[in-house]
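One rule links them: number in this note's numbering = place in the sequence shown (from 1) + 223.
Data first, discussion second: the structure below is written as structure tokens.
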Amino acid sequence: MRLSLRLGLILSIAAILLSTLAISAGLTYWHAVHKVDVEMQSTLAAVQRTIRVALQDIQGSPSEPSQVKRLVRTFDESRHARVELKDKDGQTLLSSTPAPVQTGMPDWFFALLAPREQSGRVDWPHGIELGQYIQVTADPRNEAGEVWSDIRLHLTTILLFCLLTLGVLSLLLGYALAPLARFLQAFERTGRGEVGNQLPVSGPLELQSLASGFNRMSALLAESQDKNRKLDAQLEAVQEEERASLARDLHDDVGPLLFSIDVDATTIRALAEKRDEPKFAERAVSIQEAVGQVKEQVRSILWQLRPGLILDLGLANALENMLAPLKARHLGVEFTLDAPKRSWRPQIDIALLAIVREAVLNALKHGNPKHIAIRIGSPDGANVEAVIVNDGGTLATTANAGSLGVISMQERTKLLGGRLTIIDTSDKRGVEVRVSIPLNGPGSAAAPLMPSTKTLQ
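Here it is in structure tokens:
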């Protein structure tokens, strides 16, 4: 799973703090066990010493038995020891009452400490005749309760410190890493081809250096793209001049020659029919048919060389003329055209006509479509958008992203500052070609929109 830098740092520091908390808990537990054990040993020794001194003081007194009982009772409410008077069989004759545990210590914590029971015997000289003795048992529950209170306070303090540290750290990281979000957005825009982005030079010194470097890179990219656009425009102008020259040569030189051949073939056919020479007549007809096919090819070449001539009738009509021969050759394909009867501007119209033609030809060449839909419009008024959708198979089955046709579409779109995307349709049955070109160049004013939706069968 991929994490953001901020979340990754917070989780790393949280892991360190939790490790610290766990180590602290382990050390505290070891100290608590040792403390309870030492305290019980000390308590046992102190109580035994106190009882021996008291027995020496009351030894030989007529009321010695009753004073021994009072001695046992003096340890009532003791927090750390229980004193018992035992008979010779070990049965308890009298026992002190320990103080109740007031700390709310859970049983699991006492079981976790598992303190060993420590006890000791103090002989009563007068009671030896009766087989009686005094037993002192160290009671660890109150001591364990004190340890529980200390541990709870200690670990709560550490936990609050960890939470406070994480909170402050999250705020500091959010403030320190906030510029990275702007960097990410700027890089994404640059990756989409939107060059010229500039970032504010602020924040830590490292981020200031990074912002300055990005700004320099973005400025160089914008300058380079501007130069490339100018070079592309110059190249397009040279190519247009060359195409115009070829078109003139075809129209002025080849056209008259074809006309002459057609006239000669017609004359030969007439003479052959007059002299009853069917073979010559058939040859003349074949020549005329060949001339007709050559004329169609020449017209097609002229259309490709000079699309602007056809665009004089409008983009919608030019698209219809472009689709007409295709629908005649592909009777099983339904072509749907939705385009306004208007001109955006010559450069855009020529580019859209070429891009739509290339997208349609790619669909017919690389797929097996039953329906090709073409939609052209300006939804936002700032960009003209052309969408060509076919159901002839997905990109995986009709992979042609690196073909010359697609490269040509990309170059034409880039030349006008637009964006071209080629993706699978939502139903995964075909391919969608979408081109968006900004309407911010010269000659952008156009006539009112006159929608025209036609279905060519």
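Note that CB positions come from ideal geometry on N, CA and C, so glycine has one too.
| request: Decide if G590 is buried, meaning its Cβ has at least 16 other Cβ atoms within 10 Å, or exposed. | output: Counting other Cβ atoms within 10 Å of its Cβ, G590 reaches 16 or more and is therefore classed as buried.
| With a Cβ-Cβ cutoff of 8 Å, do S286 and D299 count as a contact? | Cβ distance not < 8 Å, so S286 and D299 don't count as in contact.
| If we ignore side chains and look at the alpha-carbon of each, how far apart do L428 and P402 end up? | Whole-angstrom Cα-Cα distance: 12 Å.
| request: For the alpha helix (DSSP H) holding D603, just list the boundary residues, first then last. | output: First-last for D603: undefined, no H or E at that position.
| Could you give the distance in angstroms between the alpha-carbon of L430 and the alpha-carbon of V424? | A straight-line Cα-Cα distance of about 8 Å links L430 and V424.
| Assigned exposure category for L394 - 16 Cβ within 10 Å defines buried | With fewer than 16 other Cβ atoms within 10 Å, it is exposed.
| With contact counted as at least three CB pairs below 8 Å, one residue from each stretch, are the segment 591 to 599 and the segment 608 to 617 in contact? | Contact check between the segment 591 to 599 and the segment 608 to 617: three or more CB pairs, one atom from each, fall below 8 Å, which counts as touching.
| How is the alpha helix (DSSP H) around E369 delimited, first residue to last? | Unbroken alpha helix (DSSP H) run through E369: R364 to G414.
| Pick from A367, S284, Q279 and P348 that is closest to T251, judged by C-alpha positions | For the set A367, S284, Q279 and P348, the Cα lying nearest the Cα of T251 is the one of A367.
| Can you name, in chain order, every residue of its own chain whose Cβ lies under 7 Å from the Cβ of L232, other than the five neighbours on each side? | Residues L396 of the same chain have their beta carbon placed closer than 7 Å to that of L232, with the five preceding and five following residues left out of the count.
| query | To which residues of the same chain is L382 closer than 8 Å at the C-beta, ignoring the five residues directly before and after it? | reply | Annotation for L382: L244 place their beta carbon closer than 8 Å to its own, counting only its chain and skipping 5 residues before and after.
| Three-way DSSP call (helix, strand, coil) for N613 in this model | N613: strand per DSSP, three-state reduction.
| field | Classification of A255 by the beta-carbon crowding that lies within 10 angstroms, buried from 16 upward | value | Under this definition A255 is a buried residue.
| Same chain, Cβ closer than 8 Å to A399, five either side skipped, listed in chain order | Shown here for A399: same chain residues with a beta carbon closer than 8 Å to its own, the five before and five after excluded, namely G426 and P427 in chain order.
| Expected contact under 8 Å - CB spacing of R344 and Q355 to nearest Å | Between the beta-carbon of R344 and that of Q355 there is about 11 Å, and that puts the pair past the 8 Å contact cut.
| query | Helix, strand or coil: how does DSSP classify A596 here? | reply | In the displayed model, A596 falls within a strand according to three-state DSSP.
| task | Decide if I660 is buried, meaning its Cβ has at least 16 other Cβ atoms within 10 Å, or exposed. | result | Around the Cβ of I660, a 10 Å sphere holds 16 or more other Cβ atoms; the residue is buried.
| request: Return yes when the Cβ of E581 is within less than 8 Å of the Cβ of R657, no when it is not. | output: The beta carbons of R657 and E581 sit no closer together than 8 Å.
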